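Worksheet: the structure to be examined is printed underneath.
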Amino acid sequence: MRIVLKIGGSLVFPDKIDVELVKNVSKQIISLSKNNEFLIVVGGGTIAREYIGALKSIGKDDTFLDFIGMEVAKLNASLFMGSLGEKAPVEISNDFKHALSTLYLGKIP
98 MRIVLKIGGS
108 LVFPDKIDVE
118 LVKNVSKQII
128 SLSKNNEFLI
138 VVGGGTIARE
148 YIGALKSIGK
158 DDTFLDFIGM
168 EVAKLNASLF
178 MGSLGEKAPV
188 EISNDFKHAL
198 STLYLGKIP
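Residue numbers (the numbering used here): 98 to 206.
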């Protein structure tokens, strides 16, 4: 079965980075990936909204705000990438085609 798992950034970074949560979720994903294919989508959460709000107040445009939101989401995704061991991809996927290619290599994009 192919499973797409969305992990909210606020779950990873409520007040500070919840390393134990990242490790526990990753451990479960690795275990379940023996019989399933996983794609993980990680959000930016509260920290992304804080950056976006600050940048908006100094006049940055929506394109830049979207870019910053995606960059924060990538940082959050990096926490999972770092805890997936040999199932970790080489890099974070920026699009579906790359994620699918990574999945076919036996990794968890």
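Here a beta-carbon is modelled for each residue, glycine too, at the ideal position from N, C-alpha and C.
Everything numeric in this text was worked out from a predicted model, so none of it was measured.
In its own chain, which residues sit with a C-beta less than 6 angstroms from the C-beta of residue i, not counting the 5 before and 5 after it?
i: A185; result: M178
i: N133; result: M98, I100
i: K120; result: S180
Can you tell me whether residue i is buried or exposed? The criterion is at least 16 other CB atoms within 10 Å of its CB, across all chains shown.
i: G106; result: buried
i: P111; result: exposed
i: S190; result: buried
i: G156; result: exposed
i: T199; result: buried
i: K113; result: exposed
Quick check: residue i and residue j, are their CB atoms within less than 8 angstroms of each other?
i: L202; j: S123; result: no
i: L136; j: A196; result: yes
i: I165; j: L152; result: yes
i: K103; j: V138; result: yes
So who's on the other strand from residue i, going by DSSP bridges?
i: E134; result: R99
i: V139; result: I104
Assuming residue i and residue j form a contact by the criterion Cβ under 8 angstroms, report the distance between their Cβ atoms to the nearest whole angstrom.
i: N173; j: G150; result: So it is not a contact: roughly 17 angstroms between Cβ atoms.
Return the chain-ordered list of same chain residues with a C-beta closer than 8 angstroms to the C-beta of residue i, the five sequence neighbours on each side being excluded.
i: L108; result: D115, L118, G142
i: V169; result: G106, G141, G142, I144, A145, Y148
i: F161; result: L152
What residues in its chain sit with their C-beta under 7 angstroms from that of residue i, if we drop five residues either side in the sequence?
i: K204; result: K184, A185, P186
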